[in-house]
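First comes the structure, then the notes that go with it.
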Amino acid sequence: MKVIEHFKKSNRTLFSFEILPPLKGKSIDSIFNFLDPLMEFNPAFIDVTYHREEFVYKKRADGLLERRSVRKRPGTVGICAAIMNKYQIDPVPHIICGGFNKEETENALIDLNFLGIDNVLVLRGDPIKSETYFTPESGGHEYASDLLKQVENMNNGIYLDDDLKSSVPTNFCIGVAGYPEKHFEAANMRSDIHFLKKKVEAGADYIVTQMFFDNKKYFEFVRMCRKHGIKIPIIPGIKPISSVKQLSLLPHRFHLNLPNDLVDEVLKCKNSEDVRNVGVEWAVQQTRELIDFGVPCIHFYTMGKSENVMKIVQSFA
Ligand SMILES: Cc1cc2nc3c(=O)[nH]c(=O)nc-3n(C[C@H](O)[C@H](O)[C@H](O)COP(=O)(O)OP(=O)(O)OC[C@H]3O[C@@H](n4cnc5c(N)ncnc54)[C@H](O)[C@@H]3O)c2cc1C
Numbered sequence: 019m020k021v022i023e024h025f026k027k028s029n030r031t032l033f034s035f036e037i038l039p040p041l042k043g044k045s046i047d048s049i050f051n052f053l054d055p056l057m058e059f060n061p062a063f064i065d066v067t068y069h070r071e072e073f074v075y076k077k078r079a080d081g082l083l084e085r086r087s088v089r090k091r092p093g094t095v096g097i098c099a100a101i102m103n104k105y106q107i108d109p110v111p112h113i114i115c116g117g118f119n120k121e122e123t124e125n126a127l128i129d130l131n132f133l134g135i136d137n138v139l140v141l142r143g144d145p146i147k148s149e150t151y152f153t154p155e156s157g158g159h160e161y162a163s164d165l166l167k168q169v170e171n172m173n174n175g176i177y178l179d180d181d182l183k184s185s186v187p188t189n190f191c192i193g194v195a196g197y198p199e200k201h202f203e204a205a206n207m208r209s210d211i212h213f214l215k216k217k218v219e220a221g222a223d224y225i226v227t228q229m230f231f232d233n234k235k236y237f238e239f240v241r242m243c244r245k246h247g248i249k250i251p252i253i254p255g256i257k258p259i260s261s262v263k264q265l266s267l268l269p270h271r272f273h274l275n276l277p278n279d280l281v282d283e284v285l286k287c288k289n290s291e292d293v294r295n296v297g298v299e300w301a302v303q304q305t306r307e308l309i310d311f312g313v314p315c316i317h318f319y320t321m322g323k324s325e326n327v328m329k330i331v332q333s334f335a
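In structure tokens, the structure reads:
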């Protein structure tokens with residue numbers, strides 16, 4: 019079922035979880051062991067992130083360096099199929115521009131369609147570590163809105179090959195990313211919302227936000243989006259702080275601010291368990307306020323840790 023149909027069918031706030039594929043070499047059981055305890059909280063759907071290749075330099079026997087492509091976390095499509103099969107829950111694979119040309123994207127979408135997957139979250143992807151700016155693949159897409167147009171074309175039966183006759187349309191529900199604290203490359207908030215609107219006009223059905231720790235940022239973002247004519251659901255993304263290190267790691271990696279009160283509480287903690295409790299309590303307060311605000315769904319970033327997210331959703335069981 020499509021994500022937006024889940025929203026339409028429910029008169030309460032739903033929960034969804036975002037998971038990462040395991041590191042290469044681990045078994046699918048690591049995903050099942052991770053998801054099993056979360057299942058009693060009836061997630062409406064489960065997002066599975068996509069991780070593009072990285073490049074490493076290995077020294078060869080002759081002393082020269084060889085550039086090798088490594089994909090640390092492959093398996094997004096397989097995990098989605100396994101989730102449908104084992105839990106009968108709708109998976110939402112993330113698809114990205116980075117590392118794909120249009121033909122590869124089309125083939126991936128055909129695979130997803132044949133598997134009966136109804137949803138995709140369409141993203142650009144970040145620059146790889148060795149780049150300052152994102153570089154599209156040759157013959158690929160530069161922005162999420164371009165990739166989205168390809169998905170939307172396939173939803174209208176338009177494939178890349180003009181010679182194809184009577185192509186069967188796909189029927190993907192399309193989610194996109196939004197940034198309550200602005201995407202780090204955007205000139206300013208208005209420009210970011212301008213380009214977000216382009217994704218909506220190209221056919222996005224709903225928006226999932228980057229994580230934020232101050233609900234005021236989300237409320238203001240929703241207000242600005244509505245003012246600029248963006249009417250689709252905007253799903254807040256929540257992540258509990260789980261270590262002192264994240265006080266610097268999260269702002270660095272996700273370009274966001276942490277509220278003073280949260281930072282103060284974390285710094286007062288005597289051990290890592292105290293930090294986790296502060297993170298959970300903060301996220302519970304955020305979740306409570308967002309439910310009162312009437313959001314259709316809350317998207318929990320698990321980042322490989324289910325215990326904290328479980329404690330949060332338990333408070334609303
Ligand atoms: C919910 C969520 C899930 C994510 N999952 C993944 C994942 O699984 N894998 C992964 O690699 N990354 C993931 N990301 C990270 C995401 O790929 C990065 O944040 C990336 O830098 C931007 O992606 P985007 O889809 O928002 O890009 P875009 O919408 O393309 O925007 C990128 C930047 O370009 C600007 N822009 C957009 N269109 C134009 C235009 N036409 N001209 C000029 N400027 C433009 C925007 O304002 C923005 O600053 C996720 C992010 C979120 C919020």
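According to my numbering, the sequence shown holds residues 19 to 335 in order. All C-beta atoms in this analysis are idealised placements derived from N, C-alpha and C, irrespective of residue type, glycine included. Keep in mind the model is a prediction, meaning the values are calculated, not measured.
Distance, residue j Cα to residue i Cα
i: Ser87; j: Val169; result: 27 Å
i: Asp232; j: Ser261; result: 18 Å
i: Leu276; j: Leu82; result: 45 Å
i: Glu72; j: Arg89; result: 6 Å
i: Pro187; j: Val226; result: 25 Å
i: Asp181; j: Asn119; result: 19 Å
i: Asn206; j: Lys183; result: 44 Å
i: Cys287; j: Glu219; result: 46 Å
i: Val296; j: Thr320; result: 16 Å
i: Asn189; j: Gly221; result: 12 Å
i: Ser360; j: Phe334; result: The requested residue 360 does not occur in the structure, where the chain is confined to residues 19 to 335.
Residues near residue i by beta carbon distance below 6 Å, same chain, minus five either side
i: Lys216; result: Ser163
i: His273; result: Phe202
i: Ile114; result: Tyr68, Leu141 and Gly143
Proximity test, residue i beta-carbon vs ligand 1 heavy atom, cut-off 7 Å
i: Glu72; result: no
i: Ser163; result: yes
i: Arg89; result: no
i: Phe318; result: no
i: Val226; result: yes
i: Tyr68; result: yes
Pick from the options that is closest to residue i, judged by C-alpha positions
i: Ile101; options: His24, Glu238, Leu56 and Ser333; result: Leu56
i: Asp144; options: Arg70, Ile176, Lys329 and Ile259; result: Arg70
i: Tyr352; options: Val313, Leu53, Ile256 and Glu84; result: Outside the modelled stretch of the chain, which goes from 19 to 335, sits residue 352, for which no answer is possible.
i: Asp65; options: Ala335, Ser333 and Cys315; result: Cys315
i: Val110; options: Phe35, Ser290 and Asn171; result: Phe35
i: Thr305; options: Arg30, Met19, Lys26 and Lys20; result: Arg30
i: Val331; options: Lys323, Phe318 and Thr94; result: Phe318
i: Val281; options: Ser45, Met328 and Trp300; result: Trp300
i: Ile176; options: Leu127, Asn289 and Ser148; result: Leu127
i: Phe132; options: Cys98, Thr153 and Ile192; result: Cys98
Element boundaries [beta strand (DSSP E), containing residue i]
i: Gln228; result: Tyr224 to Met229
i: Val74; result: Glu72 to Lys77
i: Tyr319; result: Cys315 to Tyr319
Contacts around residue i, its chain only, beta-carbon distance under 8 Å, and the 5 residues preceding and following it disregarded
i: Phe237; result: Phe311
i: Lys200; result: Asn206, Met207, Asp210 and His273
Residue i - containing alpha helix (DSSP H), residue span
i: Glu160; result: Where Glu160 is concerned, there is no enclosing alpha helix (DSSP H), given that its DSSP letter is neither H nor E.
i: Ile101; result: Thr94 to Tyr105
i: Pro269; result: Gln264 to Phe272
Cβ-based neighbour list, residue i, same chain, cut-off 7 Å, excluding 5 preceding and 5 following
i: His24; result: Leu32, Ala62 and Phe63
i: Asn51; result: none
Cutoff 8 Å: residue i Cβ touching any chain C Cβ
i: Ser260; result: Protein chain content of the structure displayed is limited to a single chain, and chain C is not contained in it.
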